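Q: First residue of the sequence shown? That's 1 in UniProt numbering, and the numbers climb one at a time after it.
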Amino acid sequence: MNQGPGGPNYPMASLYVGDLHPDVTESMLFEKFSTAGPVLSIRVCRDMITRRSLGYAYVNFQQPADAERALDTMNFDTLKQKPIRIMWSQRDPSLRKSGVGNVFIKNLDRSIDNKAMYDTFSAFGNILSCKVVQDETGGSKGYGFVHFETEEAANKAIEKVNGMLLNGKKVFVGRFISRKEREKELGERAKLFTNVYVKNLPEDFNDTKLKDLFVKYGDITSHKIMFKDDGKSKGFGFVAFGDPEAAEKAVEELNGKELNEGKPLYVGRAQKKAERQQELRRKFELLKMERLNRYQGVNLYVKNLDDTIDDERLRKEFTPFGTITSAKVMMEEGRSKGFGFVCFSSPEEATKAVTEMNGRIVGIKPLYVALAQRKEDRKAHLSSQYMQRIANMRMQQMGQMFQPGSGYYLPTLQAQPQRFYGPAQMTQMRPQPRWPAQPTVRQPSQTANYSAMQAPFRSTPRAQSTVPAQTLRSTVNTRTMNTQPVARMPPMQPAVMGVAASTATTAAAASSRPQPYKYTSTMRNPPQTVSAVQQQQAVQQPAVHVQGQEPLTATMLASADATEQKQMLGERLFPLIQQMYSDLAGKITGMLLEIDNSDLLHMLEHQESLKSKVEEAVAVLQAHQAKQAAAQMKPTQIAAGE
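1. To the nearest whole angstrom, what separates the beta carbons of Leu-259 and Val-198, a pair I think is in contact under 8 Å?
2. Measure the alpha-carbon distance for residue 648 versus Glu-68 and round it to whole angstroms.
3. Figure out for me which residue from Asp-66, Ala-247, Lys-106, Thr-50 has the closest Cα to the Cα of Leu-40.
4. Assign Val-146 to one of three DSSP states: helix, strand, or coil.
5. Consult DSSP for Leu-305 and reduce its assignment to one of helix, strand or coil.
6. Should Ile-390 go down as buried or exposed, given a rule of 16 or more other Cβ atoms within 10 Å for buried?
7. Would you call the CB atoms of residue 644 and Leu-371 closer than 8 Å?
8. DSSP state of Ser-336, grouped into three classes?
9. With a floor of 3 residues, list each beta strand (DSSP E) that falls wholly inside the UniProt domain "RRM" (194–272), ordered by position along the chain.
10. In this structure, does DSSP put Phe-402 in helix, strand or coil?
11. Quick check: Gly-242 and Lys-224, are their CB atoms within less than 8 Å of each other?
12. With a floor of 3 residues, list each beta strand (DSSP E) that falls wholly inside the UniProt domain "RRM" (101–178), ordered by position along the chain.
13. Taking Val-298 as the reference, which of Gly-322, Asp-310, Asp-307, Glu-285 has the closest Cα?
14. For Ser-326, which of helix, strand or coil comes out of DSSP?
15. Where Lys-234 and Arg-360 are concerned, what is the direct C-alpha to C-alpha distance, given to the nearest angstrom?
16. The alpha helix (DSSP H) with Ile-577 in it runs from where to where?
17. Based on Cα-Cα distance, which residue from Leu-79, Thr-73, Phe-176 lies nearest to Gly-18?
18. Is Gln-418 buried or exposed, if buried means 16 or more other CB atoms sit within 10 Å of its CB?
19. Taking 7 Å as the limit between beta carbons, can you name the residues of its chain near Gln-396, skipping five residues before and five after?
20. Using only alpha-carbon positions, find the residue among Tyr-143, Ile-127, Arg-335, Val-132 that is nearest to Glu-151.
21. Which full runs of the beta strand (DSSP E) of 3+ residues lie inside the stretch 52–80, going along the chain?
22. If we ignore side chains and look at the alpha-carbon of each, how far apart do Gln-63 and Phe-30 end up?
23. Exposed or buried, Asp-599, counting other C-beta atoms within 10 Å across all chains shown (16 or more means buried)?
24. Could you tell me which of Asn-75, Lys-115, Asn-293, Phe-193 sits nearest to Ser-140, measuring between CA atoms?
25. Quick check: the stretch 14–28 against the stretch 52–63, are there 3 or more CB pairs under 8 Å?
26. Taking one C-beta from the stretch 622–631 and one from the stretch 600–614 each time, how about it: are there three or more such pairs within less than 8 Å?
27. Between which residues of its own chain and Ile-364 is the CB-CB distance below 7 Å, once the five residues before and five after are set aside?
28. Using the Cα positions of Ser-336 and Met-387, report the straight-line distance between them to the nearest angstrom.
29. Name the DSSP beta bridge partners of Gly-18, please?
30. In angstroms, rounded to a whole number, what distance separates the CA positions of Lys-328 and Val-369?
31. Could you tell me whether the stretch 162–179 touches the stretch 105–113, where touching means 3 or more Cβ pairs closer than 8 Å?
32. DSSP on Asn-392, reduced to helix/strand/coil?
33. Spatial neighbours of Gly-144 within its chain, please: CB distance less than 7 Å, with the 5 preceding and 5 following residues excluded, ordered by chain position.
34. What does the Cβ neighbour count give for Glu-149, buried or exposed, with the cut at 16 atoms within 10 Å?
35. To which residues of the same chain is Gln-628 closer than 7 Å at the C-beta, ignoring the five residues directly before and after it?
36. Do the CB positions of Ala-562 and Phe-574 come within less than 8 Å of each other?
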């Protein structure tokens, strides 16, 4: 990269890529720019809220030579059918704002684009950036900017190209002037003017009358009234004086003067359309800021208004809280838009109204009352709330240590300290059982002692197991006290408590046999070997066997959700009930599924309990059918039966 003696230095190999298509991504840019050399990083700048592309990106190379090669060979190449614009990334905005080496070009032909202007001006020196200003449709506005690396190159371009013909049009090339400097220059020029604009002229006014009106203030070089195509006056015209003092004197004396009791004349300095729009925009902003400052803290926004509330009703509701300067319900085609504004004379009154009226029901709707905000402030506030909500959601996802109902624990980031205990301490830590250990262990089919299910037809509480739960816990704890701490299991679902109860004594029986021990990495005792038969006995689980169905175990039932648990139990109940009552099997199965899953498991294991419950269900169905039949009988039939 060639640099002049006074040119800036670019230690970073970073490129700015502009005029990007909205669909261009980092991968597309990497695929294109990696052909010039190793790419360090690529970032497409996007909107923080919508995540849409802002139309420009930054490409960082490892070597400045690769970045310069990409700038020379890929500038204005098409990507997604749109030419891209590449220039050196300038992190320091002072170079752009200083105006050094910046050139302004206007009166450009519409066919001249960025590449054509770059090719034209690159003969005078290195170009940092080059752009033709475009409108919303992508067409040229007829002017643009070229930023040279040095001031000497910019002066040379102004000297050679200013006044030249480019595509048949004479272009203007001059030094770039910032907006503040232009406004200052326009303000000084406004004090020295010779051209006067006049409007609100009578319809019978002609050029002669216009000259007679202004000639007494000085020499007039030209004067003209604007006419329509049909010959009628448009009501305005222009008068040019030879002396700025004469023009200023005419404006002072004739502005606001009435002719023939008509509209007052407007006489002022003639302005171009862009200059006039800029001045009106500046006045509008000043009035807007003044109005906002005047109504700051006293103007209230009221929404959720009833359709029957008008300006008078709105003022009446808020009158008790202070002096109201204005109250307005916003209307559209004669109907309320559901919101309005109430302005008080002091902030204290407005604050009191917000406190008392927010949430109060007026008509049939509760009001929402708050201080009125500008559209920009409200949008920024909502955006900040949205970003805060997204950040909180991400923090919850990252920092959540336990998900309720899932039974899965996430590891903590803090390392747990390793604790070592001696034999005496281990003896003291062992909990003493409250009851002596049971000498015998019942079989799984005999452990769950269920009470007889009499009427009514609902689940009745089961009797407690004959083996106390504390005894089982004490036995297991004494067996595992020499091992490292075991993570506490999450609470079991109610649907699988029956299966757990039926397997409790199996665990107690297993605890009487030698168990495989778990050791930490610092334990010195070698692990004991466990035979294959003991491993098979340890993992064996009791299961419910129904002919034609897969055996149902506690693990299968616990791993399913509530709906699937009912479906699994219903599939095994239906064939058993169908053998008793084939025509009512579906209804009876649905009725029994309302019972707790533990009771259903008991019925699957014990045929007598199932038969008792089925008989109760049949009795309930018959009673229900008899009641429906009696309700459908006509009164005459009932009387005849009596």
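C-beta: ideal position from N, C-alpha, C; glycine also.
Values in this document were obtained by computation on a predicted structure and should not be read as measured data.
A: Inspection of the coordinates gives the following:
1. Rounded, the Cβ-Cβ distance is 11 Å, inconsistent with contact.
2. Not covered by the structure: residue 648. The range shown for the chain is 1 to 642.
3. Asp-66
4. strand
5. coil
6. exposed
7. The shown model of the chain, from 1 to 642, leaves out residue 644, and the question about it has no answer.
8. strand
9. 195–199, 220–227, 233–241, 266–269
10. Any reading at Phe-402 must be qualified, since the residue scores a pLDDT of 45, below 50, and its modelled position is unreliable; the value itself is stated next. Of the three classes helix, strand and coil, the one that applies to Phe-402 here is strand, per DSSP.
11. no
12. 102–106, 127–134, 140–148, 172–175
13. Gly-322
14. strand
15. 56 Å
16. 562–580
17. Leu-79
18. For Gln-418, the pLDDT reaches just 42, beneath the cut-off of 50, and the residue's location in the model is therefore unreliable, leaving the point undetermined.
19. none
20. Ile-127
21. 53–61
22. 15 Å
23. buried
24. Lys-115
25. yes
26. no
27. Asp-306
28. 33 Å
29. Arg-85
30. 14 Å
31. yes
32. helix
33. Ile-105, Leu-108, Met-117, Lys-131, Val-132, Val-133
34. buried
35. none
36. no
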